[in-house]
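Reminder that position 300 of the sequence shown reads as 284 in the numbering used here, one-by-one numbering, no gaps. Notes to accompany the following structure.
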Amino acid sequence: MARVRSTDSGPTPTDAPPRPEPGGWARRLRSFGYVPPAGPGGIRERLVPPHPPGAGRLWRWLGVAPGAAARLTRALGWLGPLLVATLAGALRFTRLGEPDAVIFDETYYAKDAWSLLQHGYETIWPDDANERIINGDVPVTDTAAYIVHPPVGKWMIALGEWAFGMNPFGWRFMMALLGTVSVFLLCRIGRRLFRSTALGCLAGLLMAVDGLHFVMSRTALVDLVLMFWLLAAFGALLVDRDRARERLAAALPTAGETVLRPDRTTAERLGLGARPWRLVAGVCLGLACATKWNGLYVLAAFGILTVLWDAAARRTAGARHAPLAALRKDALPAFVSLVPVSLAVYLLSWTGWFATSGGYYRDWAERAGAGPSDWAWVPGPLRSLWHYTSEVYTFHLGLTSEHTYESHPFSWLVLGRPVLYFYESRDPGEDGCAREGGCVREVLALGTPLLWWAACAALVYALWRWALRRDWRAGAVLCGVAAGYLPWFLYQERTIFSFYSVVLVPFLCLAVTLLIGALLGPPGCPERRRALGVVAAGVLVLLIVWNFIYFYPVYSGQEISLDGWRARMWLSSWV
-15 MARVRSTDSG PTPTDAPPRP EPGGWARRLR SFGYVPPAGP GGIRERLVPP
35 HPPGAGRLWR WLGVAPGAAA RLTRALGWLG PLLVATLAGA LRFTRLGEPD
85 AVIFDETYYA KDAWSLLQHG YETIWPDDAN ERIINGDVPV TDTAAYIVHP
135 PVGKWMIALG EWAFGMNPFG WRFMMALLGT VSVFLLCRIG RRLFRSTALG
185 CLAGLLMAVD GLHFVMSRTA LVDLVLMFWL LAAFGALLVD RDRARERLAA
235 ALPTAGETVL RPDRTTAERL GLGARPWRLV AGVCLGLACA TKWNGLYVLA
285 AFGILTVLWD AAARRTAGAR HAPLAALRKD ALPAFVSLVP VSLAVYLLSW
335 TGWFATSGGY YRDWAERAGA GPSDWAWVPG PLRSLWHYTS EVYTFHLGLT
385 SEHTYESHPF SWLVLGRPVL YFYESRDPGE DGCAREGGCV REVLALGTPL
435 LWWAACAALV YALWRWALRR DWRAGAVLCG VAAGYLPWFL YQERTIFSFY
485 SVVLVPFLCL AVTLLIGALL GPPGCPERRR ALGVVAAGVL VLLIVWNFIY
535 FYPVYSGQEI SLDGWRARMW LSSWV
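Put into structure tokens, the structure is as follows:
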């Protein structure tokens, strides 16, 4: 138990007992950087780490009064993310309607979204629909189409079409908005994760200048919607984690403001009460699964992660058998908050299909009939949806047709094979092309190369931080990456594309931010070490920003010379 001494201001902690010397495997792992468990001192700080007052020092250096400096520091927690999100929004909304064409899979999602607006279900379109839509003629029909993705992503696209019409700006509007808001969310998530406004804003800035996120924010595909809801769920679980740890810390025995000792009984038996933020996470995960089914893997991973966080909190508070305590007290509430809530949201997302009679397979149960063993007690619409779902799942498993831009998941992180969304070239003098060698316009779904290649190193660092330094932040980042990435290795025979990896972008940016934080140096490090770290981190960030600016023409469809386009094709597999 930590010793206390009496002062005029009340009891305060003094020296804690020395950290026990590790033995066995732990002693051997120390040579690799392993840190043994901490002693019992500083329980409240370990349960609820405070935000360091770094920005306050900056304002004081600038001559701002202490009270005003504290207010400015608090304001920066929101103002900084808003400024970064404003930059991201300016990039994404500028020339959003260009190219003035239906590009790549917009030919499916933009039209499906319009059908949902008109009928509540997706319909078949004529072969010349794309050209007619661009010319202002929208040839919508009422014949149901066989669609292989749930409806939430298309409903999001439909909101923009409802507001601005069936045109490129309309069907891209919500993607640009979600892309902008996701940058703001990542700033706030990074701030909470790293307890630093500067590092949080840096994580958001990195995502703002990622090429893949930028392109997906300007294209009417549903993968960015999936990324948005998964990121929102991660943020909600982070808030839930902090709130639960605050309740646990408040329940421990104290003298004044000081936690005197761990409390095994409290740590193992205390219920953590209502957890509304975990319900919010369940809603977000349901919306993610109702966008694309691979959200199910993230739902499972995040469910395990939140229970492990509870176990870690109980262990810090003194529980001797923290995993068992978390299983008894936290696992079932976590399951109820996430899985049934997600299922309910998923079913609600099909409201348009349920409320109408023309959707594909909508009346399957009535037409097929039901015998005693056919789950006749289940309402017909639910049986029809289950049949539709099983048919779609079979389709996805059997999707093995070759495609020019398909890629293996092994190549995603190193940007081995990006996807071409749009390409247009003209010879000199053709349609006003005045560039020597010819003119090129392209939209290439390519992550900012230096950011993604730095992220590969950052993931290795995060793995080390998690395995040997017991850094929960690194573990959270790795969980997000693994849940969005590793399941694709189960479907290596399926036709898959690198733009699916947009769901990884927030976690890759957090990993790079974790690495940059290490470059900056720990609190209290020598000034020379801090200066070298700031220079190294600044150079890396500037190179990433420059890299985005350099590739901006092939992200946004701007016209450049053929030689300029060739100069940007750093790898032969990008062509």
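Idealized CB from N, CA, C, for every residue including glycine.
Your pair valine 132 and histidine 380 checks out as a contact, with CB atoms roughly 7 Å apart and the cut at 8 Å.
By the CB criterion at 8 Å, glutamate 145 and tryptophan 98 fall inside the cutoff. Glutamate 29 counts as exposed, since fewer than 16 other C-beta atoms from the protein chains shown sit within 10 angstroms of its C-beta. Looking at the DSSP output, threonine 107 bridges to Ala128. With distances taken between CA atoms, alanine 429 lies nearest to Tyr536 out of Tyr536, Ala502, Cys417, Asp547.
Between the region 454 to 467 and the region 414 to 428, the count of Cβ pairs shorter than 8 Å is below three; the stretches do not touch. Excluding residues up to 5 positions away in sequence, Asp455, Ala458 lie with their Cβ nearer than 6 Å to the Cβ of arginine 449 in the same chain. Isoleucine 544 has Val424 as its beta-bridge partners, per DSSP. Here asparagine 119 is exposed: its Cβ has fewer than 16 other Cβ atoms, across all protein chains shown, within 10 Å.
According to DSSP, phenylalanine 406 shares a beta bridge with Val427. Its chain contains Arg229, Leu232 as the residues whose beta carbon lies nearer than 6 Å to that of alanine 297, once the 5 sequence neighbours on both sides are disregarded; these appear in chain order. When the Cα atoms are used, phenylalanine 157 and proline 237 turn out to be separated by approximately 53 Å.
In terms of Cβ geometry, tyrosine 389 and leucine 404 form a close pair [threshold 8 Å]. The beta carbons of glycine 104 and alanine 339 sit closer together than 8 Å.
Straight-line measurement puts the Cα of alanine 520 at about 12 Å from the Cα of arginine 512. Membership of glutamate 477 in any alpha helix (DSSP H) is not indicated, and neither H nor E is assigned to it by DSSP. Looking from the CA of leucine 397, the closest CA among Thr335, Leu196, Arg410 belongs to Leu196. Counting the other Cβ atoms within 10 Å of the Cβ of isoleucine 141 gives 16 or more, which makes it buried. As the crow flies, the alpha-carbon of valine 209 is around 7 Å from that of alanine 272. Pro412 is the residue among Pro412, Thr384, Ala217 whose C-alpha sits nearest the C-alpha of aspartate 547. A straight-line Cα-Cα distance of about 12 Å links tryptophan 549 and leucine 555. Burial check for glutamate 106: the Cβ neighbour count within 10 Å reaches 16 or more, so the residue is buried. Using a C-beta cut-off of 8 Å, the region 288 to 307 makes no contact with the region 147 to 167, since fewer than three inter-stretch Cβ pairs fall below that distance.
Closest in C-alpha terms to leucine 190, from the list Leu474, Thr203, Val461, Ala495, comes Ala495. Assigned with DSSP and collapsed to three states, tryptophan 549 falls in helix. A Cβ-Cβ contact shorter than 8 Å links valine 282 with leucine 214.
In this structure, alanine 113 sits near lysine 95, with a CB-CB distance shorter than 8 Å. Between the C-alpha atoms of leucine 256 and isoleucine 173 there is a straight-line separation of about 22 Å.
The shortest C-alpha to C-alpha distance from phenylalanine 198 to any of Trp261, Gly505, Leu162, Leu169 is the one to Leu162.
The alpha-carbon separation between tyrosine 407 and arginine 552 amounts to approximately 14 Å.
Under the three-state reduction of DSSP, leucine 383 is assigned to coil, being neither helix nor strand.
Apart from the 5 residues on each side of it in sequence, glutamate 90 sits with its Cβ closer than 6 Å to the Cβ of Ala204 in its chain, given in chain order. Under the three-state reduction of DSSP output, threonine 275 falls in the coil class, being neither helix nor strand. Approximately 4 Å separates the beta-carbon atoms of alanine 301 and alanine 251; this is inside 8 Å, confirming the contact.
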